[in-house]
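Undergrad: Please find one structure pasted underneath; my questions will follow.
Protein chains in written order, with the numbering used here: chain A, 1 to 537; chain B, 1 to 361.
The following block contains the structure:
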């Protein structure tokens, strides 16, 4: 017991250190409230007078829309592909994860290019039905919500799916035996048990929505994030930009805390028994509807944008395929892998330490630092990067090091931004490990190190792989922080896409964009394979 | 709070310092320029020597600068390394790095960004007869901290099918009710429009400008666009009849489709002249290779690279002695606004707020 105590502190210190790396830039951003000069006051006054209310409403509307969209779509699809049986299920099971690899700004651009007034679809309609034919307002809020929903639903889908897989059919059957209808069993048993996973996926999707700049700026949809950039680039005031960003953080923090409090105290753990593979066979019309829904989603969210990129790529031929291209690819893969390992390690340490026994105070501090450390996901990449940069230059100046332009700083930025992504699967995975297993191991004298090695890591393997995959793909897609923090010569595919699209050369961006998607498919495929293995085993 | 920050730094350091010093030493050297090369340059460069590479922070896209830098290296033997990015973050990085910065040159698009960097004390004045000769006075900082290298003209485009150019005159006249439901604009979030409105504030005064912008908003045919190219395509497709764009976007579309039914009209020829902005560069305050940096900027103002600017992105050379490429020349001669482009930066935040008040999104 003594040994556990002392080693526990070591782990706790390690956890604080890991969290510190991630919290540091957030603190720097919060510290910007220290400077409010007349310039800042004028800008705040101006914001209050003109558009703060509209920004808040727009942002709220976007969150509600995307939140509803990804939950409905993600949960429905996850349910269909885990519990039900219909034609094409085996195919959709994995292919519905593919949209994860498509960057939001690419999707937005492709969609508008096809659907706006001068695009092929509306042009066709005008030719068929005359110049005044009615067409939905694709540039409005509805368009943005649709795009972000299509790009972000995989987060909910993936997490809900693994939850449904874990709970198997037993619980549902138990509910049915107790007299619930199939629908009742779904809403009163399956959903509540999967709730932590669904909420974790939803939180990721919403934080991504809040941080999004690429897609909303293609649509000119004003949100908090566009206001942050406008204060910075337009009004040349980084301080106000950081202050606005910290409001975003506050909003996310409060929401997450509220959610946690409203969640029941109950713990949901897997029952450890063998999972049954039997599923509900959908009847004729139901099966057709299910197949149609899956096909439509897959087409809109993946096939259509890929096809458009492919046709652009064919227009330019392979002129982009030079030596430097492989450099971009190498950097992208390398950074994704390093950041993936780093973020998952930090998440694992934090999740592990969170469950160590200890004094009330120590546990409170651990909980707080975890909460803070996972907020970075909601910050727009550039703002976060500035926080990191200021932090590292502070270190560089006091110690004469040269960290700011190094890979270390960039990896730190990725960890800060994507820790939440790694955290969700790791934590919800740990949540499902039965406490009795841990208690048994402890009573047999296993210390924290051994617990981690021999119990947690093996039990968590699917969660860890999921976490690594999402971080890897997200890092590859990440653009703003990479753009500003990358060391000399470390251009990635995302940087290349930005370079080309900034001047409207979408055709030349097609090859790197398609590569990004193709590379993103590999870990998604691995993930699916491991999910299947988990499922059958 | 400072104590907390300090302890966090301490924690950070113990954790990662050892590891990272190893790693940066072993970092694989990339083709464009490695961390080692950069550090080496820092160590050896002295005041006058043109030793080592010139390091550029550039918000201008790689495919537009690389050919120029390659040519410079071929001619002078001086290597150029660059880091591309967006203006705001690059300037923030330059500022954060302070004396430790790698950068010798800041190369940005839009005078406003150069003005903002100069205001923050990040650029050092340069006295150069070559630059004074090659670059007109209104395209460079009065204090010599930055110099325009290419000119981008923002003017009116119209549908050749539905608009008689005789009805066009000034930017301000597009606020006339005649254009109700016929005008297309790009978003006010784009710096090009901020600069245009800033210049109008200087020329017409705040109140008159406010009226003009409100008139524009009233005349909008549809939501504002996120790019000039989309705007031109909308005019071609018939969604609106007139708009305001940078000329090279029309050039790009004309290259793809020479018959595009969109014409170019030089605005304000009877009054102040066409609004122009620049891409330009300045030597950083803490440049380690100042001599090389000055030499590069001087070279960029000379004949061959000036022609290249026009070829690569269909812009106008800043050096008035150099003719633009054929397509660009085909739009005809025009009188440009000779108000110093520095005004675009100085009045930018005022312009942003004015556009917000007019509900120009």
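In this text, a Cβ means the ideal position worked out from N, Cα and C, and glycines have one as well. As the structure is a prediction and not an experimental result, all values here were calculated from the model.
Identify each residue in the region 201–229 of chain A for which the Cβ-Cβ distance to at least one residue of chain B is less than 8 Å, and report them in chain order.
TA: If the cut-off is 8 Å between Cβ atoms, the region 201–229 of chain A has 217, 218, 219, 220, 222, 226 and 229 near chain B.
Undergrad: State the Cα-Cα distance for the pair residue 144(A) and residue 221(A), rounded to the nearest angstrom.
TA: Here residue 144(A) refers to the residue found at position 144 of the first chain. Here residue 221(A) refers to the residue found at position 221 of the first chain. In a straight line, the C-alpha of residue 144(A) is about 8 Å away from that of residue 221(A).
Undergrad: Return the bridge partner residues of residue 223(A) from the DSSP annotation.
TA: Here residue 223(A) refers to the residue found at position 223 of the first chain. In DSSP, residue 223(A) forms no bridge with anything.
Undergrad: Out of 452(A), 330(A), 382(A) and 339(A), which one is the CA nearest neighbour of residue 353(A)?
TA: Reading the first chain from its first residue, position 353 is the one you call residue 353(A). For the residues 452(A), 330(A), 382(A) and 339(A), the minimum Cα distance to residue 353(A) belongs to 452(A).
Undergrad: Round the Cβ separation of residue 360(B) and residue 216(B) to the nearest angstrom and send it over; I've been treating them as touching at under 8 Å.
TA: Taking the second chain and counting its residues from 1, one reaches residue 360(B) at position 360. Taking the second chain and counting its residues from 1, one reaches residue 216(B) at position 216. Confirmed, Cβ separation roughly 7 Å.
Undergrad: Rounded to the nearest angstrom, what separates residue 260(B) and residue 119(A) at their Cα positions?
TA: Taking the second chain and counting its residues from 1, one reaches residue 260(B) at position 260. Taking the first chain and counting its residues from 1, one reaches residue 119(A) at position 119. Near 15 Å, if we compare the C-alpha coordinates of residue 119(A) and residue 260(B).
Undergrad: For residue 20(A), count neighbouring C-beta atoms within 10 Å of its own C-beta (all shown protein chains included) and say buried if the count is 16 or more, exposed if not.
TA: Here residue 20(A) refers to the residue found at position 20 of the first chain. Burial call: buried.
Undergrad: Report all residues from its chain with a CB closer than 6 Å to the CB of residue 507(A); omit the five preceding and five following residues, and keep chain order.
TA: Residue numbering aside, residue 507(A) sits at position 507 when the first chain is read from its first letter. 312, 315 and 316.
Undergrad: In its own chain, which residues sit with a C-beta less than 8 Å from the C-beta of residue 232(B), not counting the 5 before and 5 after it?
TA: On the second chain, position 232 is the one that residue 232(B) refers to. Answer for residue 232(B): 157, 243, 245, 249, 250, 253, 260 and 262, listed in chain order.
Undergrad: Return helix, strand or coil for residue 236(A), following the three-state DSSP convention.
TA: Residue mapping note: residue 236(A) aligns to position 236 of the first chain, counting from 1. Coil, per DSSP.
Undergrad: Between which residues of its own chain and residue 497(A) is the CB-CB distance below 6 Å, once the five residues before and five after are set aside?
TA: The residue labelled residue 497(A) in the question sits at position 497 within the first chain. Within the same chain, residue 497(A) has close Cβ partners 509, 512 and 513.
Undergrad: What residue range is occupied by the uninterrupted alpha helix (DSSP H) comprising residue 176(A)?
TA: As a working mapping, residue 176(A) is identified with position 176 in the first chain. Per DSSP, residue 176(A) belongs to the alpha helix (DSSP H) from 170–177.
Undergrad: When you check each C-beta in the region 84–114 of chain A against every C-beta of chain B, which residues fall closer than 7 Å?
TA: Per Cβ criterion, the list is empty.
Undergrad: Less than 7 Å between the C-beta atoms of residue 58(B) and residue 82(B), yes or no?
TA: Start at 1 with the first residue of the second chain, and residue 58(B) comes out as number 58. Start at 1 with the first residue of the second chain, and residue 82(B) comes out as number 82. A contact, by the Cβ cut-off of 7 Å.
Undergrad: Curious, which full-length alpha helix (DSSP H) runs of at least 4 residues does the region 324–400 of chain A contain?
TA: Qualifying alpha helix (DSSP H) stretches, in chain order: 360–373 and 381–399.
Undergrad: Alpha carbon to alpha carbon, how far is residue 159(A) from residue 305(A)?
TA: Position 159 of the first chain, counted from the start, is the residue given in the question as residue 159(A). Position 305 of the first chain, counted from the start, is the residue given in the question as residue 305(A). Each residue's alpha carbon lies about 24 Å from the other.
Undergrad: With 16 other CB atoms within 10 Å as the buried threshold, where does residue 257(A) fall?
TA: Along the first chain, one-based indexing puts residue 257(A) at 257. So residue 257(A) counts as exposed.
Undergrad: Rounded to whole angstroms, how far is the Cβ of residue 332(A) from the Cβ of residue 493(A), which I believe are closer than 8 Å?
TA: If you number the first chain from 1, residue 332(A) lands on position 332. If you number the first chain from 1, residue 493(A) lands on position 493. Rounded, the Cβ-Cβ distance is 5 Å, consistent with contact.
Undergrad: Decide yes or no for the touch test of the region 87–101 of chain A against the region 206–226 of chain B: beta carbon pairs closer than 8 Å, at least 3 of them.
TA: Judged by Cβ distances under 8 Å, the region 87–101 of chain A makes no contact with the region 206–226 of chain B, as fewer than three pairs qualify.
Undergrad: Here's a check: name, in chain order, each residue in its chain whose Cβ is nearer than 6 Å to the Cβ of residue 351(A), leaving out the five neighbours to either side.
TA: The sequence position of residue 351(A) within the first chain is 351, counting from 1. 426, 427 and 430, listed in sequence order.
Undergrad: Could you give the residue range of the beta strand (DSSP E) that holds residue 105(B)?
TA: The count along the second chain starts at 1 and reaches residue 105(B) at position 105. 105–109 is the span of the beta strand (DSSP E), which, as asked, contains residue 105(B).
Undergrad: Find the nearest neighbour of residue 472(A) within the set 35(A), 105(A) and 411(A), judged by alpha-carbon distance.
TA: Position 472 of the first chain, counted from the first residue, corresponds to residue 472(A). Nearest of 35(A), 105(A) and 411(A) to residue 472(A), Cα basis: 411(A).
Undergrad: For the region 312–327 of chain B against the region 195–203 of chain A, do three or more pairs of beta-carbon atoms, one drawn from each stretch, fall closer than 8 Å, so that the two count as touching?
TA: No: fewer than three Cβ pairs fall under 8 Å.
Undergrad: Just to check my reading of the structure: residue 154(B) and residue 275(B) have Cβ atoms closer than 8 Å, yes? What is that Cβ distance to the nearest angstrom?
TA: Here residue 154(B) corresponds to residue number 154 of the second chain, with the count starting at 1. Here residue 275(B) corresponds to residue number 275 of the second chain, with the count starting at 1. Between residue 275(B) and residue 154(B) the Cβ distance is about 5 Å, and since that is below 8 Å, they are a contact.
Undergrad: Against chain B, with Cβ distances strictly below 7 Å, would residue 234(A) count as a contact?
TA: For this step, residue 234(A) is matched to residue 234 along the first chain. Yes, contact with chain B.
Undergrad: Are the C-beta of residue 202(B) and some C-beta of chain A separated by less than 7 Å?
TA: What you label residue 202(B) is simply residue 202 of the second chain in a count that begins at 1. So no, residue 202(B) is outside the interface.
Undergrad: Roughly how many angstroms separate the alpha carbons of residue 199(A) and residue 423(A), rounded to a whole number?
TA: By 1-based counting over the first chain, the position of residue 199(A) is 199. By 1-based counting over the first chain, the position of residue 423(A) is 423. Near 13 Å, if we compare the C-alpha coordinates of residue 423(A) and residue 199(A).
Undergrad: Could one say the Cβ of residue 272(A) lies closer than 7 Å to chain B's Cβ atoms, at least one of them?
TA: By 1-based counting over the first chain, the position of residue 272(A) is 272. Bear in mind that the predicted position of residue 272(A) carries a pLDDT of just 47, short of 50, making it unreliable; the figure below should be weighed with that in mind. Not closer than 7 Å to any Cβ of chain B, the Cβ of residue 272(A) fails to qualify, so no.
Undergrad: Around the Cβ of residue 179(A), are there at least 16 other Cβ atoms within 10 angstroms (buried) or fewer (exposed)?
TA: The count along the first chain starts at 1 and reaches residue 179(A) at position 179. When all chains shown are included, residue 179(A) counts as exposed.
Undergrad: What residues from the region 87–102 of chain B come within 8 Å of chain A, judged by C-beta to C-beta, listed N to C?
TA: If the cut-off is 8 Å between Cβ atoms, the region 87–102 of chain B has 87, 88, 89, 90, 92, 93, 96, 97, 98, 100 and 102 near chain A.
Undergrad: What are the start and end residues of the beta strand (DSSP E) that includes residue 188(A)?
TA: Walking along the first chain from the start, residue 188(A) turns up at place 188. Neither: residue 188(A) is in no beta strand (DSSP E) and is coded neither H nor E.
Undergrad: Leaving out five residues before and five after residue 194(B) in sequence, what residues of the same chain have Cβ atoms less than 8 Å from its Cβ?
TA: Here the question's residue 194(B) lines up with position 194 in the second chain. So the qualifying residues of the chain are 112, 188, 344, 348, 351, 352 and 355.
Undergrad: Note down, in chain order, all residues in the region 64–87 of chain B with a beta-carbon under 8 Å from any beta-carbon belonging to chain A.
TA: Taking 8 Å as the Cβ-Cβ cut-off against chain A, the residues of the region 64–87 of chain B that qualify are 64, 81, 83, 84, 85, 86 and 87.
Undergrad: Report the CB separation of residue 301(B) from residue 149(B) in whole angstroms; it is logged as a contact under 8 Å.
TA: By one-based count along the second chain, residue 301(B) stands at place 301. By one-based count along the second chain, residue 149(B) stands at place 149. That belief holds up - the Cβ atoms of residue 301(B) and residue 149(B) are roughly 6 Å apart, short of 8 Å.
Undergrad: Does the CB of residue 439(B) have a neighbour CB from chain A at under 7 Å?
TA: A question about residue 439(B) goes unanswered here, because the residues of chain B that appear run from 1 up to 361.
Undergrad: Which ranges would you report for the beta strand (DSSP E) in the region 233–270 of chain B if only whole runs of at least 3 residues count?
TA: Runs found: 242–246 and 262–265.
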